[in-house]
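Below is one structure, written out as structure tokens; the observations come after it.
Number of protein chains: 4
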Amino acid sequence: MNKAILLIQCPDQKGIVAEVSRFLYAYHGNILEIDQHVDEELSLFFMRAAWELDSFSLQKDEIAQKFEEEVGQKFKMDFNVHFNFPRPKMAIFVSKLSHCLFDILARHHAGQLEVDIPLVVSNHQELKSVVEAFGIPYYYIPVSRDTKMEAEKQQLELMKKHDIDFVVLARYMQIISATFISKFPNRIINIHHSFLPAFVGAKPYHAAYERGVKIIGATAHYVTEELDAGPIIEQEVARVRHHNTIPDLVQIGQDVEKVVLSKAIKYHLDRKVLAFKNKTVIFY
Amino acid sequence: MNKAILLIQCPDQKGIVAEVSRFLYAYHGNILEIDQHVDEELSLFFMRAAWELDSFSLQKDEIAQKFEEEVGQKFKMDFNVHFNFPRPKMAIFVSKLSHCLFDILARHHAGQLEVDIPLVVSNHQELKSVVEAFGIPYYYIPVSRDTKMEAEKQQLELMKKHDIDFVVLARYMQIISATFISKFPNRIINIHHSFLPAFVGAKPYHAAYERGVKIIGATAHYVTEELDAGPIIEQEVARVRHHNTIPDLVQIGQDVEKVVLSKAIKYHLDRKVLAFKNKTVIFY
Amino acid sequence: MNKAILLIQCPDQKGIVAEVSRFLYAYHGNILEIDQHVDEELSLFFMRAAWELDSFSLQKDEIAQKFEEEVGQKFKMDFNVHFNFPRPKMAIFVSKLSHCLFDILARHHAGQLEVDIPLVVSNHQELKSVVEAFGIPYYYIPVSRDTKMEAEKQQLELMKKHDIDFVVLARYMQIISATFISKFPNRIINIHHSFLPAFVGAKPYHAAYERGVKIIGATAHYVTEELDAGPIIEQEVARVRHHNTIPDLVQIGQDVEKVVLSKAIKYHLDRKVLAFKNKTVIFY
Amino acid sequence: MNKAILLIQCPDQKGIVAEVSRFLYAYHGNILEIDQHVDEELSLFFMRAAWELDSFSLQKDEIAQKFEEEVGQKFKMDFNVHFNFPRPKMAIFVSKLSHCLFDILARHHAGQLEVDIPLVVSNHQELKSVVEAFGIPYYYIPVSRDTKMEAEKQQLELMKKHDIDFVVLARYMQIISATFISKFPNRIINIHHSFLPAFVGAKPYHAAYERGVKIIGATAHYVTEELDAGPIIEQEVARVRHHNTIPDLVQIGQDVEKVVLSKAIKYHLDRKVLAFKNKTVIFY
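Protein chains in written order, with UniProt numbering: chain A, 1 to 284; chain B, 1 to 284; chain C, 1 to 284; chain D, 1 to 284.
Laid out in structure tokens, this is it:
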């Protein structure tokens, strides 16, 4: 089904839902999903509306302008119109660990992710054969302290060439520069292998072991300049016990990472995420 | 904050959200929450809208009629208007086990439940002193095969006298008759101590032990004539292991029962539940 | 590390732990893990002991006999000695759905499963290319009502030829015959896509949708002659809501199936499972 | 059933299990539970053994010495012998919030906790009537900056007078001094309302809200001098969403706190916890 999705942020006011739904009805849109949220503290209004395009009497490319004129201006809305076609393009960045990459490729292969994956980028060569077995081009771009800037330049050229909409860091063990991040605001999804804000930074499973926690976790978040501090999209945990060694934590944790990252990708693809400050509204 | 809540079921059609939100806006209602759901299989539309009453220009007692005239008729809606005042009245039925009863009374005492509890009814005397310590009248109505009909008659008189809105069976170990149920359609909440539809009927923890399951659960549901088959409101589970005996299962399960029942009561009180067939839509 | 694992079942008596640990110490075994369980109802004793082989003064092939003579006879033990080398051989049976298969292959590829996978057997051809990309032979053995017996004969010959220790049914949508089962008692692991004993048999996600449950699940169990009634090894659940369609349940459930099946395989491989009646003791 | 429980810590060596179980068997002890753990990193051995006392041929008060002579010395063991009678004495400290207190009292009333509760101590008067309704003395000891030392002195006298074995801080909102802690090493259980090490210190629900986490939690730990850094006994989490306000988090979190604290108390009472460094071994 061809559908459009409207994501809105604006100051909270009366009558927004009435106006938005009137607009959609006026042009014969059949509403599939409608969700709203008010952040009382900030007096901010958030809304998501999805509707069928087939019966809609506006053309795809005139919706945004009409909506701006008829509704957006009045309420000082910050909004975006998305469509479920053509499918967005997602780049995957990976280092040596395969679990998240495999999981994404397997879901993609099974038809669960409505996305194109034009390429995988890695600073290592280990996962090349697997990626290519799935028929996806693999770009090996090594990164060292000296070549980091040059490597990012190459990466950005690849993103541009392949018209990439968003980037997934599937356990990519390199810091992304502010320049790169600025090209993809709230469009780089990272999986961090701890329950943030606990265990920020490197080796969180080691830190969890040292602290003797009884539950470990993983966090998917949008990447911002501050390390591991971007808006959290999804988190999940798993129970561990005293007899679990660090390698056990790694293995138990990887199962959590996979699930969390794939859920975050799904929410992002379904345009269910609205980010503001260091938070997210997720209409699932 | 004084608020009104509208719960709607009707055949799915275009324009419902637009009309409902237009109605609320026209009378200066500030929408607090709005949720909708379409059951595609049955072509049924469900909606919940909550708004502030203070600025609303219709009187409390004219809202339903105006809504019927302006919106309801047009869409053939089955709807109800609820208010968060006066507080609804809840009766608790209990037998000998105290865990669910205590949990409800403790939450009520801590101000978590926006409800009045005019009475507790029991077929046993064990819990009388505790209930009275919380300042709530306790009615002991013994039930035997021979006195069952008479006992229900007494119970119904108490419900009427205290103007009870809904009934919570907090581990009340008696079957409720069809007559009683018919007075409270989708307004009797039972907690069943298994993960329905597994282990319907008596002694589910024994049955779970015999089957060797690795997870046990509890289910809160509206009571219908068919035993343990009414619309499910909430379910939760807990992990068990081979070394857990039946008394262990009972104890682990009781913690689950408490949480599940209190969530179901909360959803019901917040008018977040729409029941249809043997299912529920829950806008949490 | 080379290690031995002893699994014991016997009537409950005093002194068993003392005797078993004395035996291991006498031959210089360094105990790594020791667990015991008493089923009070049945007066049955269960034990698992794992120890390092390197310092052990008995040869691998004389352990069982010595133990029988010195300890087993006295307590009428039913026991087995296992070793973590050579690695056991696991056959995977699959139909068309790839999620469990992929998950196992990805874990195997990442070195998480200490097992050899000499072959995958399927009654369909869809997953051939993926399996072969992982370098594992794929045997396509179609099954129809008429050819079922012949197909099982072929399967059993393959099992024999490849010296298979145990079989994993990774969503293999065919009933296994009593003859086949008898060759692998408590050595065929099936994943059933419901929270048993709820929704036995075909199409459990459809049944869960119809019943309006709030949580769905998956169950890994040993296959016995009675359908979906064998000893449960592991179960897990996931929360669903009213807006989840049957395809949603399938997708949410598949994530649970993968995790449950891989845990069951891991417990089985680590010799942590003792099955009796329709139950399991699992020393994790 | 009268039983004894032995808790052991010592350097890891061969033969410990054999010697301990030989000792128990020699004096006709019927082992009920036996668990061991080796911390490979620290080469530390931990063990818990529980056995029936009725058939045991040593007197209660000679067990420790005999064990020291026959087993403990040889392996340089740090050990304790506990009995399930007389019941240990637990003091509860509380401030204004009732949820954890109620939960403990309700469990105690239902016979789930094998403990005596000689008194509740509070720096506020709010919960007096409830505690006294359960027939337990309530000591109101206000605490201000100036009276803190004097208040602790009174508290310690009460602990001594009532022969208190361990203390539960059921949301007691005062820092405990090093002096007090030194009297109850690993015998003061605190419930912290976050998932440690995230959100140490005051107002963790506010901090969780600000950070936009998707899961909140609670942690029960032994109190040490360093704030919220003692050995963790139990943790649990609950899912939250963008629409949950801080009062929502408080309410959702309180349900988690209750369950976590009561589990920690249960583990402590069953002598299942061995603490070392800032960690715990828990043989559940």
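We put the beta carbon where it would ideally sit given N, CA and C, even for glycine.
Just so we're clear, the structure is a prediction, and the values are computed from it rather than from any experiment.
Taking the alpha-carbon positions, what's the residue i to residue j distance?
i                : j                : result
Thr224 (chain C) : Ile181 (chain D) : 56 Å
His28 (chain D)  : Ala202 (chain D) : 52 Å
Asp163 (chain D) : Gln154 (chain D) : 14 Å
Ala64 (chain B)  : Arg87 (chain A)  : 45 Å
Val237 (chain C) : Ser55 (chain D)  : 44 Å
His206 (chain B) : Gln235 (chain B) : 19 Å
Ala26 (chain C)  : Thr245 (chain A) : 29 Å
Asn30 (chain B)  : Ser57 (chain B)  : 11 Å
Ala18 (chain D)  : Val240 (chain B) : 30 Å
Ala218 (chain A) : Val250 (chain B) : 33 Å
Leu6 (chain C)   : Asp103 (chain C) : 29 Å
Ile16 (chain C)  : Phe67 (chain D)  : 20 Å
Ala151 (chain C) : Ser144 (chain C) : 9 Å
Ile191 (chain D) : Glu257 (chain B) : 22 Å
Phe134 (chain C) : Leu105 (chain C) : 7 Å
Val120 (chain B) : Val131 (chain B) : 8 Å
By the 10 Å Cβ neighbour count, where 16 or more other Cβ atoms means buried, how is residue i classified, buried or exposed?
i                : result
Lys76 (chain B)  : exposed
Ile175 (chain B) : exposed
Asn123 (chain A) : buried
Met90 (chain A)  : buried
Met149 (chain B) : exposed
Lys60 (chain A)  : exposed
Gly212 (chain C) : buried
Gln36 (chain A)  : buried
Phe23 (chain A)  : buried
Lys161 (chain C) : exposed
Asp146 (chain A) : exposed
Glu41 (chain A)  : exposed
Phe199 (chain A) : buried
Glu69 (chain C)  : exposed
Quick one: residues in its chain with C-beta nearer than 6 Å to the C-beta of residue i, no 5 flanking neighbours on either side, listed in chain order?
i                     : result
Leu113 (chain B)      : Arg107
Glu126 (chain C)      : Lys96
residue 285 (chain D) : Since the displayed chain D opens at 1 and closes at 284, residue 285 (chain D) lies outside it and no answer follows.
Met47 (chain B)       : Ile8 and Gln36
Val38 (chain C)       : Asp12 and Phe45
Pro137 (chain D)      : Leu119
Ile34 (chain A)       : Ala49
Which residues in the same chain as residue i place their Cβ atom closer than 7 Å to its Cβ, once the five residues preceding and following it in sequence are excluded?
i                : result
Ala229 (chain D) : Asn278
Tyr172 (chain C) : Phe93, Val94 and Ser95
Val273 (chain D) : Ile233, Tyr267, Thr280 and Ile282
Tyr284 (chain B) : Tyr267 and Lys272
Closest to residue i by C-alpha separation, out of the options, would be which residue?
i                : options                                   : result
Phe45 (chain A)  : A:Asp78, A:Asp103, A:Val94 and A:His82    : A:Asp78
Ser262 (chain D) : B:Tyr284, B:Lys14 and B:Gln254            : B:Gln254
Leu269 (chain C) : C:Ser98, C:Ala218, C:Phe83 and C:Val143   : C:Phe83
Leu158 (chain C) : C:Asn190, C:Arg187, C:Pro197 and C:Pro118 : C:Pro118
Glu210 (chain A) : A:Ala218, A:Thr219 and A:His243           : A:His243
Leu156 (chain D) : D:Leu105, D:Tyr139 and D:Ala50            : D:Tyr139
Arg271 (chain A) : A:Asp12, A:Ser144 and A:Phe85             : A:Phe85
Lys214 (chain B) : C:Lys214, C:Ile215, C:Leu101 and C:Pro231 : C:Pro231
To the nearest whole angstrom, what separates the beta carbons of residue i and residue j, a pair I think is in contact under 8 Å?
i                : j                : result
Val71 (chain A)  : Val20 (chain A)  : 6 Å
Phe184 (chain C) : Val167 (chain C) : 6 Å
Ala110 (chain C) : His99 (chain A)  : 6 Å
Met1 (chain B)   : Glu62 (chain B)  : About 20 Å; that fails the 8 Å criterion.
Ile189 (chain B) : Ala264 (chain B) : 5 Å
Excluding five sequence neighbours on each side, which residues of the same chain lie with their C-beta closer than 8 Å to the C-beta of residue i?
i                : result
Ala178 (chain B) : Glu225
Ala170 (chain B) : Ile92, Phe93, Val94, Cys100, Leu101, Ile104, Ile191 and Leu261
I want to check one thing, is the minimum distance from the CB of residue i to the heavy atoms of the ligand ZN below 7 Å?
i               : result
Phe56 (chain C) : The ligand ZN is not among the ligands present in this structure, which contains no ligands whatsoever.
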